[in-house]
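Numbering (UniProt numbering), first residue to last: 1 to 396.
This report refers to the structure that appears directly beneath it.
Laid out in structure tokens, this is it:
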């Protein structure tokens, strides 16, 4: 089966997470992604972020750079930029996540590159976007989570601000950017022209706040944290069992009744405190106390089996080790193994999109720094002696 994006050529100028994640999503679907990295240092995530194993590259770098090639270029030097321009002339997409203005100083901004290639799709990911009063602020997931409101609704009621456990600002920005690139690619089929894409960690995190903004605009109330609970329905949250916790999803009246029947607490259905969803929301503390008094009598696995048998949505709360011990994770191919030239066999997350005709594919692990520099320059017409000279002078 052919990979769906096999004809898409992408130049990846990004580092750390949001941009590399975006480009990996495209690479998993077959795009030819060339990661352009600084000479000697490379993407800072290679050596500075997370855990190292055998080699110089960290597990964090390996996690978001598979299926890519790596080319080293010194973009601060004219010769390095000239090589990049040759690559840009034949590329479909350039993705960068510099602070606004830096790409222009390096001479690899959209205005410069579109003159070389009017069909080029150019995507920028930053902390707060290319415009607005905060455009020049540094972009970090933590800051984006705080200023987008995410941290204000994360954690337990009355507790301190809490960061979402996964880097939702980074990852959402990467996802939205990939979506924008594909949208622009479809548009180019009609217009023949590329365009500029601007997204940010701030907007990515904020754009996911659909329930919270709905509550604010509908009621005027400032959304508050509810721990694991849902802000629009109850009980839809984690409840304590004898040996841990279980998630229950009674998000309508029918399921509320089914839950009460399954756990042998039919009297709660007629309890005035819990008669409607509005009542259950208003009396959430008492509701949890009543339910946990029953759930604490059995272990989580027992309750999951009982509730699923009753046709009620429920599940355990796994740590990540347990996630990858679960047979469903493996059935859905959400853990893959790749051969790395230094690390040997490394594991990575599988592709969450299953396309029936043109599925994606994990073809190889993240590249070594500059692993594909020579072959790329040879393809551009450079001789072995020219490549050796460029390497000696640290242009590549």
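Positions of the beta carbon are idealized from the N, C-alpha and C atoms, including for glycine.
For residue i, collect the residues of the same chain with a Cβ closer than 7 Å to its Cβ; drop the 5 residues on either side in sequence, then sort them by chain order.
i           : result
residue 145 : 151, 163, 164, 168, 169, 205
residue 383 : none
residue 55  : 342, 343
residue 250 : 235, 236, 256, 259
Please report the straight-line C-alpha distance between residue i and residue j, rounded to a whole angstrom.
i           : j           : result
residue 272 : residue 263 : 19 Å
residue 41  : residue 147 : 31 Å
residue 112 : residue 137 : 24 Å
residue 59  : residue 5   : 26 Å
residue 348 : residue 190 : 37 Å
residue 246 : residue 378 : 58 Å
residue 118 : residue 193 : 6 Å
residue 373 : residue 72  : 6 Å
residue 134 : residue 312 : 46 Å
residue 290 : residue 301 : 20 Å
residue 125 : residue 43  : 16 Å
residue 129 : residue 346 : 35 Å
residue 181 : residue 13  : 15 Å
residue 304 : residue 298 : 10 Å
residue 294 : residue 240 : 9 Å
residue 52  : residue 94  : 29 Å
residue 46  : residue 296 : 46 Å
residue 141 : residue 18  : 9 Å
residue 66  : residue 362 : 8 Å
residue 268 : residue 177 : 47 Å
residue 366 : residue 32  : 13 Å
residue 395 : residue 78  : 9 Å
residue 114 : residue 183 : 18 Å
residue 393 : residue 159 : 56 Å
residue 261 : residue 243 : 22 Å
residue 49  : residue 81  : 27 Å
residue 103 : residue 97  : 9 Å
How would you write the range of the beta strand (DSSP E) that residue i sits in, first residue to last?
i           : result
residue 224 : It is not in any beta strand (DSSP E) - residue 224 carries neither H nor E in the DSSP assignment.
residue 34  : 32–37
residue 274 : Looking at the DSSP string, residue 274 is not in any beta strand (DSSP E), and its letter there is neither H nor E.
residue 199 : 196–200
residue 124 : 121–126
Which residue or residues does DSSP assign as beta-bridge partners of residue i?
i           : result
residue 151 : Its beta-bridge partners do not exist; DSSP assigns none.
residue 247 : 238, 315
residue 52  : 58
residue 348 : 336
residue 12  : 35, 95
residue 72  : 37
Quick one: residues in its chain with C-beta nearer than 8 Å to the C-beta of residue i, no 5 flanking neighbours on either side, listed in chain order?
i           : result
residue 276 : 253
residue 76  : 106
residue 318 : 326
residue 2   : 30, 358
residue 22  : 14, 95, 123, 125, 173, 174, 175, 177, 178, 181
Between which two residues does the alpha helix (DSSP H) harbouring residue i extend?
i           : result
residue 92  : Where residue 92 is concerned, there is no enclosing alpha helix (DSSP H), given that its DSSP letter is neither H nor E.
residue 254 : 253–262
residue 396 : It is not in any alpha helix (DSSP H) - residue 396 carries neither H nor E in the DSSP assignment.
residue 389 : 384–392
residue 284 : 284–295
residue 379 : 373–379
residue 185 : 168–191
residue 134 : Note, residue 134: premise wrong, no alpha helix (DSSP H); not H, not E.
residue 27  : 18–28
Closer than 6 Å by C-beta to residue i: which residues in its own chain qualify, once you throw out the five before and the five after it? Chain order, please.
i           : result
residue 371 : 70
residue 153 : 212, 223, 225
residue 336 : 348, 350, 362
Could you give the C-beta distance for residue i and residue j, rounded to a whole number, given that I count them as a contact under 8 Å?
i           : j           : result
residue 287 : residue 174 : Contact flag wrong, Cβ pair sits at about 38 Å.
residue 20  : residue 64  : 4 Å
residue 196 : residue 110 : 5 Å
residue 91  : residue 171 : No, residue 91 and residue 171 are not in contact; Cβ-Cβ is about 24 Å, not under 8 Å.
residue 87  : residue 34  : 7 Å
residue 127 : residue 200 : 6 Å
residue 284 : residue 331 : With a Cβ gap of about 36 Å, residue 284 and residue 331 do not count as contacting.
residue 416 : residue 338 : Past the boundaries of the shown model lies residue 416; the chain is included only from 1 to 396, so the question cannot be answered.
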